[in-house]
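Residue numbers (my numbering), protein chains in the order written: chain A, 1 to 354; chain B, 355 to 708; chain C, 709 to 1062; chain D, 1063 to 1416; chain E, 1417 to 1770.
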Amino acid sequence: MTKQKNKDSKMTGLPPGTLIHVGERKIENAKITVINHNKEECHEINIKDIGDCFPFDKNSSVTWINIDGIHNSEIIENIGKHLNLHPLLLEDIMNTHQRPKMEDYGDYIFMVLKMLYHNAEQDKLEIEQVSLILGSNYVISFQEKEGDVFNPVRERIRKGKGKVRKIGASYLAYTLIDAIIDHYFVLLEGTGDKIEELEEELVTQPIPKTLQAIHNLKREMIYLRKSVWPLREAISGLEKTESTLIEESVDMYLRDVYDHTIQVIDSIETFRDMISGMLDIYLSSISNKMNEVMKVLTIIATIFIPLTFIAGIYGMNFVYIPELQWRWGYFATLFVMAVLGIIMLLYFRKKKWL
Amino acid sequence: MTKQKNKDSKMTGLPPGTLIHVGERKIENAKITVINHNKEECHEINIKDIGDCFPFDKNSSVTWINIDGIHNSEIIENIGKHLNLHPLLLEDIMNTHQRPKMEDYGDYIFMVLKMLYHNAEQDKLEIEQVSLILGSNYVISFQEKEGDVFNPVRERIRKGKGKVRKIGASYLAYTLIDAIIDHYFVLLEGTGDKIEELEEELVTQPIPKTLQAIHNLKREMIYLRKSVWPLREAISGLEKTESTLIEESVDMYLRDVYDHTIQVIDSIETFRDMISGMLDIYLSSISNKMNEVMKVLTIIATIFIPLTFIAGIYGMNFVYIPELQWRWGYFATLFVMAVLGIIMLLYFRKKKWL
Amino acid sequence: MTKQKNKDSKMTGLPPGTLIHVGERKIENAKITVINHNKEECHEINIKDIGDCFPFDKNSSVTWINIDGIHNSEIIENIGKHLNLHPLLLEDIMNTHQRPKMEDYGDYIFMVLKMLYHNAEQDKLEIEQVSLILGSNYVISFQEKEGDVFNPVRERIRKGKGKVRKIGASYLAYTLIDAIIDHYFVLLEGTGDKIEELEEELVTQPIPKTLQAIHNLKREMIYLRKSVWPLREAISGLEKTESTLIEESVDMYLRDVYDHTIQVIDSIETFRDMISGMLDIYLSSISNKMNEVMKVLTIIATIFIPLTFIAGIYGMNFVYIPELQWRWGYFATLFVMAVLGIIMLLYFRKKKWL
Amino acid sequence: MTKQKNKDSKMTGLPPGTLIHVGERKIENAKITVINHNKEECHEINIKDIGDCFPFDKNSSVTWINIDGIHNSEIIENIGKHLNLHPLLLEDIMNTHQRPKMEDYGDYIFMVLKMLYHNAEQDKLEIEQVSLILGSNYVISFQEKEGDVFNPVRERIRKGKGKVRKIGASYLAYTLIDAIIDHYFVLLEGTGDKIEELEEELVTQPIPKTLQAIHNLKREMIYLRKSVWPLREAISGLEKTESTLIEESVDMYLRDVYDHTIQVIDSIETFRDMISGMLDIYLSSISNKMNEVMKVLTIIATIFIPLTFIAGIYGMNFVYIPELQWRWGYFATLFVMAVLGIIMLLYFRKKKWL
Amino acid sequence: MTKQKNKDSKMTGLPPGTLIHVGERKIENAKITVINHNKEECHEINIKDIGDCFPFDKNSSVTWINIDGIHNSEIIENIGKHLNLHPLLLEDIMNTHQRPKMEDYGDYIFMVLKMLYHNAEQDKLEIEQVSLILGSNYVISFQEKEGDVFNPVRERIRKGKGKVRKIGASYLAYTLIDAIIDHYFVLLEGTGDKIEELEEELVTQPIPKTLQAIHNLKREMIYLRKSVWPLREAISGLEKTESTLIEESVDMYLRDVYDHTIQVIDSIETFRDMISGMLDIYLSSISNKMNEVMKVLTIIATIFIPLTFIAGIYGMNFVYIPELQWRWGYFATLFVMAVLGIIMLLYFRKKKWL
């Protein structure tokens, strides 16, 4: 997340459409995988140059080109030239600070999505931008690095499971979007677990570290929200577009994925509410603890300060203090002190401080 | 509520339309009940297999099939095949994390609702998903477990009370929805009672347990809200749909149930406002108590510290302290101390600390 | 307000349209008053049974039937039968937990409004539901108890003041709505007075009772809001309806009453803002007072603790303490103490604690 | 502002359209000024009765009638009769608690605006209601008292500066509205100045008086907001109306005045944000100061309490305390005390309390 | 920002369309630069009077006139006369308190934008108003002072890089808008950096200066927001306008710049959320620190006050205190004191205060 700060400025002053990678470089070399499939068969190759892959495009089967690594402007440019893509679209692919969006360019539909990982090692959220181009019989997906979210889809294509090889390119695009959004649920489960842990901690032992953890959670929610809210609009746009690129039978599936997005948003809002409730609890319990500390101090001080005063009285060196001469003066004084102390304790009990 | 966390991930990577039960399994074996009725008569049977029930479907009477238990994918799949239902719909029925929604599939209308129970034993909210399919002359309802919310409806059908046997399937669907939403009022009454109890507690004795109770209430409201808000849209959709499945005379009843939903939402929002007000009160009363504790400490310390100082003065062992030799020195000192103490007390009274 | 809790549940499980009174019973016996008037004359009778009144309905004059007391389902049912009203409408009349609303049933328009009283004895807000049915030449109003809000209207009809006897039934309905909304202003004036009193109290002497009063005010605003917000929509609906029941010349008056509703809403929102500002002030002034208490304690302790320490030093019983033998040791010590005390005081003055 | 409370109730129970002045009476006698102008000439007279002025109305020039003082129902009624105005409109003119609004009555357009003054003597905001009636060749303006906001417009008409004498009545109405809204900027400048002053005060010396000032500012913003928000809608309505009373060339000017209104709203919202930020700062700085006070107390107490204890030890009168007999016992004790004190100080420095 | 306060009032009372500079004068003399270019060539001149430049206007190439300094009403008026611009538009150009907006005047489109700089010397945000007029083959831009934001555009025109010389005036206008919005990203990067620094500071050492910095950041966000939110609407208006001044091929670029605006808004909202989270953290850590201070005080006082009391007891001068005569009385007392102290310490450890 912190990588954002010194990259955007690279863009300033450049003409629009200039291809410059904005964001962190997450992979060494870009990798291009092509899967060409129809109902009967499925071919899969890795290529170096986009030029190698396009004979695939000519037949009637569906081609899925996946590019891992978007920092290489040459590759992106080549793809753009081959498919006659708009320069602004190419710029968007390479700039990882896009909001999720859907743009209908007529011959193809362009989508930007955010893939969210929880980096277990550093215990922080990682965001990866995924761009999709849906054409008449091809889908091109751009990832920042190799990822495993699309692997199940790949498996299904290879094995011919589900409908992915029976319906056209728009269904393939849908399955990719669906895979990304399904992954959000995994992430939200993790967040839900953390929230429960923290709530337990809050009740048993609220320490500053807990506050820090709550704050981190809150930040994650801010980022998640930023990634998911615009997604809703994007998918809704996809569902409502009148583009012929989206087959009619896919509409129902898009409605389903839209429902999932709303579910994700609902969960995020619920978590936000719960986290802000936790902050309140934390602050109240800090106040409670301070109150308790104060009570201990007050009880001790209020009991002993008057007693010490009495002891001070009889520690004075006046030549004539009659009580000092009394045989039982000392014990009488101790008795008075004990009575005073007990009265104080009773007072505190009445006040429910004890 | 906490069950959500380790189930959703089961879905990840599976092709859409795969039938997998997501959620807690709340009943051992699924149970299918069929009630077939028209103005004249009413038959009721329990069946094992959905295949056994469909001769009912052929005549002109209304058939209500209720399935308790949705974890058995075979049963769900069979129903889907019999009625030619969309696979995504079946997936939704089995995934208990759906939002309330209404979907018009043309031949039938699909609704997801949330039934909310207050589990008295564990003193927590329980959510059960209820799915409804409304066809031309049948209604199919899916519950997670056997419940008693639909029992009054069953009774009415058996006894022929009300209009339920006079109007068609859409009226039956309406009565089921109405039964669920009526149950929300029972729940909200319970919440209202709790809020009043807590408000009384807050005034008499605010303790951390009260805070915990407020917080729990707040969480319940978050979940309630999540269940009811989308319901509004769903019912509004039902009311406005142009589907011929909804008889015209039922429209007025749907408007009524929509009004009830709004009433529920209003109450939830009111309760939320009141709960957040209670949190403010709690925090203020903690502050007030701390203030009171501080005052006691300050009064005691402020009175006795100077007096103890005076006693300390005359406890010094200087060879030449003239006052010590005075005949009435001791009593003069006591008098001065008393005067000082009284001045302090008057000062505190003036400050309204006493 | 607290009456809500054990009544709604009566409805659960009953078929829709069942006539059951939900709410508190505020009057012993229902009372029916009929006022029949046209430009020339005005008749007024009290009847027991609704059947007695309807010859009035046949001529061309306007009939206003007012029913005080809605707990008697027989009376409501009779009216329903006479006028052929929808059963859900009758149910709504008897259920006092309706939201304000407007429903156009074609032959008649149904409205639910909330009358708000300030119960001076118990110093709390009371809500009464008023239902209106506007037909072609009659208006039927249902109140929970006898009230004086409609008395001025009655007077005007009797005396033929204003336009009420010159325009038709829709103008009569308007005057009734106007009377209710005008009453809100009286209520808001009372609230405004209370707010000002409390603000003064806050400045002079913030005590927990003030907090309680603020909290009560806040709750009242929550209820007021709940009653008035939906009213806006209802009256707007009335204004925009294309029903022929509303005479054209009445439109301008409805616009006026709509303006008043907005004014009421504006005032409520303003009061809410002010009340939440008062809570902030209360909390800050508690903090301020605690700060002041702390300062007194700190000044006293910080001055006397070191002095007491010095006194303690010379109270030690070491055989060889040279100072103790000095002729002016005692006075020198007192002098040092005085200087120390003055330095402390100057320090506190510099810190602006004094 | 506080005058509102005992006036609205005057209206309750009266038939709509009754002319009663609601609000504070700000001027002794109403004053009517008529300015009749066209491109060539400009006549100006003061009249007592509205009947005297209307020969002006017959020619093709533009007539501006300004009435200062709206408490005289006779004058208002006369105007109403002369121009055949709707009784509700006249009621609105006399009731100073209207919201800003625009109503198109066909033959004329009615507007209510709020003029806001800062009363320098009492240092509070004053609100005056201004009503405008725009007819085909006349504008009538009603003010609560004589004001100087319209003086520049009067000057411009007299001197023929600007376009005011070249375009028709709608341009005159626009200049009056513009004059009022321009005055808001003056007011907001004052508020901006106050906010800056207070921010400086907050940083240097946060005292309860500052809090009071912030609170007053907040209240002023609440009232300003209430006056300006509905204005936006009113002016937008004026801009979008299809009434022929608004000359086409005036549209652009109305758009301009609409922009100004939005600017005013923007500023109010910005000020609100800033004021609420100031409250946060105030509360934090109170906390900070309390923290500082606590630290001083703790440092003093923590250093001297243990030392006093040591002194107390050697002040005991046991017959056998070996240290008391030591030659350097006293100095050793002083040394130990000094070392202890220094250790404490170092500890506090490490904790950054010093 | 603080300059706003004594300028707006200059406008009050003046006829609309009066040309008066409102705002701070940031440059000595206005400077006019004209760049005339087409696909083949590019001429650039500096002129004194606008009259000198317009032969450029007659040919088919695109002319960009940039005016630095808007305080000279003569220059503005001349331009207005030459191009027949609306007087209100000229007034808007000279009044630097405009909101960003887009107005379609038919023959030309007028836009107001805000350029935001971070003034490194004074460490504060600076706002400059930029107005653009887009005509059929010219663009006129007005800046408050010479700036470098447009320099890259100038360079591209000179060198013929990008499309700027190939497409018409609307593309030029787009590049200018794009340059301004791109600059926002630079600013937001700076803000992001500051937020991270402050978060680190908050964790390590929260001091009042940190609070001040958070507050300043919050204010900057308020101003940024005020500048950018209306921009969204303005650019959206530009995108959707049906004016023929916008070439069709530029539409896609405007959509892109609109996306950027949304991205900026998103970032601002995210920063606002983060800053408000920081305020919470600051307040909690102040509370935490106070709690810690209290604990130290309480531990010290609670341990030593009772011990000092015991010492006080045996410091009393009663003639008969048996313990004083005991041989090991002193050591026994010391032992008792040590045991008491240790018990206290164990108690505090149990309470987790240590």
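We put the CB at the ideal spot given by N, CA and C, even for glycine.
Next item on the list: Report back the beta-carbon spacing between His794 of chain C and Gln617 of chain B to the nearest angstrom; my notes put them in contact at under 8 Å.
Entry: That pair is no contact at about 19 Å.
task = Verify the CB distance criterion: does His118 of chain A have a CB-CB separation below 8 Å to chain E?
result = Closer than 8 Å: no.
Between which residues of its own chain and Asp273 of chain A is the CB-CB distance below 7 Å, once the five residues before and five after are set aside?
There are no such residues.
**Prompt:** Nearest to His745 of chain C by CA position, among C:Thr726, C:Met929, C:Met1002 and C:Arg873, is which residue?
**Reply:** Cα-wise, what sits closest to His745 of chain C is C:Arg873.
When you compare the CB of Ile1021 of chain C with every CB in chain D, is at least one pair closer than 8 Å?
Yes - at least one Cβ of chain D is within 8 Å of the one on Ile1021 of chain C.
Exercise for review: Establish whether the CB of Lys1766 of chain E and some CB of chain A are separated by less than 8 Å.
Suggested key: Lys1766 of chain E does not count as touching chain A.
Notebook entry, point to check: How close, in whole Å, do the beta carbons of Asp1594 of chain E and Val1673 of chain E come, if the pair is a contact with beta carbons under 8 Å?
Noted result: Indeed they touch by this definition, with Cβ atoms about 5 Å apart.
**Prompt:** Which chain E residues sit within Cβ distance under 8 Å of Tyr320 of chain A?
**Reply:** Within chain E, not a single residue places a beta-carbon under 8 Å from that of Tyr320 of chain A; the smallest gap is close to 12 Å.
Subject >> alpha helix (DSSP H) runs wholly inside the region 794-867 of chain C, at least 4 long, in chain order >> reply: Fully enclosed alpha helix (DSSP H) runs of 4 or longer: 795-802 and 859-867.
| said: Rounded to the nearest angstrom, what separates Phe1371 of chain D and Ala1394 of chain D at their Cα positions? | reply: So the two alpha carbons sit approximately 16 Å from each other.
Is the shortest distance between the beta-carbon of Pro16 of chain A and the beta-carbons of chain B less than 8 Å?
At a cut-off of 8 Å, the C-beta of Pro16 of chain A has no neighbouring C-beta in chain B.
### Task
Measure the Cβ-Cβ separation of Glu44 of chain A and Gly168 of chain A and say whether it is below 8 Å.
No.
Review point. What are the residues of the region 958-969 of chain C that lie near chain D, defined by any Cβ-Cβ distance shorter than 9 Å?
Key: The region 958-969 of chain C vs chain D, Cβ under 9 Å: Met960, Tyr961, Arg963, Asp964, Val965 and Asp967.
* Give a yes or no on whether the minimum CB-CB distance between Thr656 of chain B and chain C is below 8 Å. => Interface flag for Thr656 of chain B against chain C is set, since a Cβ pair is found closer than 8 Å.
In the DSSP assignment, the alpha helix (DSSP H) including Thr387 of chain B goes from what residue to what residue?
Element bounds for Thr387 of chain B: not the alpha helix (DSSP H) but the beta strand (DSSP E), Lys385 to His391.
Boundaries (first-last residue) of the alpha helix (DSSP H) holding His436 of chain B: Per DSSP, His436 of chain B belongs to the alpha helix (DSSP H) from Ser427 to Leu437.
TODO: Could you list which residues in chain E have their beta carbon closer than 8 Å to that of Val1226 of chain D, in chain order?
DONE: In chain order: Pro1431.
Measuring straight from C-alpha to C-alpha, what distance separates Tyr1746 of chain E and Tyr320 of chain A?
Tyr1746 of chain E and Tyr320 of chain A have their C-alpha atoms spaced approximately 27 Å apart.
Beta-carbon separation of Thr302 of chain A and Leu552 of chain B under 8 Å? No, they are not a contact pair.
- Spatially closest choice to Ile1486 of chain E from E:Ser1477, E:Gly1496 and E:Glu1616, by CA coordinates: It is E:Gly1496 whose Cα lies nearest to the Cα of Ile1486 of chain E.
Practice task
Kindly indicate if chain B contains any beta-carbon less than 8 Å away from that of Pro916 of chain C.
Solution key: Under the Cβ distance rule, Pro916 of chain C counts among the residues neighbouring chain B, one pair being separated by less than 8 Å.
Reference Gly814 of chain C; option with closest CA among C:Ser951, C:Lys832 and C:Lys756: When C-alpha distances from Gly814 of chain C are compared across C:Ser951, C:Lys832 and C:Lys756, the shortest belongs to C:Ser951.
Counting only beta-carbon atoms, is Gly1496 of chain E nearer than 8 Å to chain D?
Under the Cβ distance rule, Gly1496 of chain E does not count among the residues neighbouring chain D, no pair being separated by less than 8 Å.
Using a 10 Å radius around the Cβ and a threshold of 16 neighbouring Cβ atoms, would you call Ile1483 of chain E buried or exposed? Residue burial annotation: Ile1483 of chain E is buried, with at least 16 other C-beta atoms found within 10 angstroms of its C-beta.
Would Ile306 of chain B pass as a contact of Leu599 of chain B if the rule is Cβ separation under 8 Å? Here chain B comprises residues numbered 355 to 708, so residue 306 of chain B is not present and cannot be evaluated.
For chain A, is any of its Cβ atoms less than 8 Å away from the one on Pro1722 of chain E? Output row for Pro1722 of chain E: interface = yes.
What are the start and end residues of the beta strand (DSSP E) that includes Glu1460 of chain E? First-last of the beta strand (DSSP E) with Glu1460 of chain E: Cys1458 to Ile1463.
*asked:* Across the region 1281-1297 of chain D and the region 1187-1194 of chain D, are there enough close Cβ pairs to call them in contact, namely three or more that are closer than 8 Å?
replied: Touching, per the Cβ criterion.
Buried or exposed for Ser227 of chain A, going by 16 or more other Cβ atoms inside 10 Å? Its Cβ being crowded by 16 or more others within 10 Å, Ser227 of chain A is buried.
Check your understanding: Would you report the Cα separation of Glu323 of chain A and Gly669 of chain B, rounded to the nearest angstrom?
Key -> Between the alpha carbons of Glu323 of chain A and Gly669 of chain B lies a distance of about 16 Å.
Collapsed DSSP secondary structure at Ile195 of chain A in the structure displayed
In this structure, Ile195 of chain A counts as helix in the three-state DSSP scheme.
Original post:
Taking Cβ-Cβ distances shorter than 7 Å, what residues in chain B pair up with Thr298 of chain A?
Top reply: Against chain B, the beta carbon of Thr298 of chain A has neighbours under 7 Å at Val647, Val650 and Leu651, listed in chain order.
Taking DSSP's pairing of strands, which residues face Gln421 of chain B in a bridge? Checking the sequence, you will find Ile at residue 421 of chain B rather than Gln. Paired residues: B:Ile386 and B:Phe496.
Exercise for review: Report the three-state DSSP secondary structure of Val1478 of chain E (helix, strand or coil).
Suggested key: Residue state for Val1478 of chain E is assigned as strand, using DSSP reduced to three classes.
Problem - 8 Å Cβ cutoff, Gly1391 of chain D in contact with chain C - result: Cβ-Cβ to chain C under 8 Å: yes for Gly1391 of chain D.
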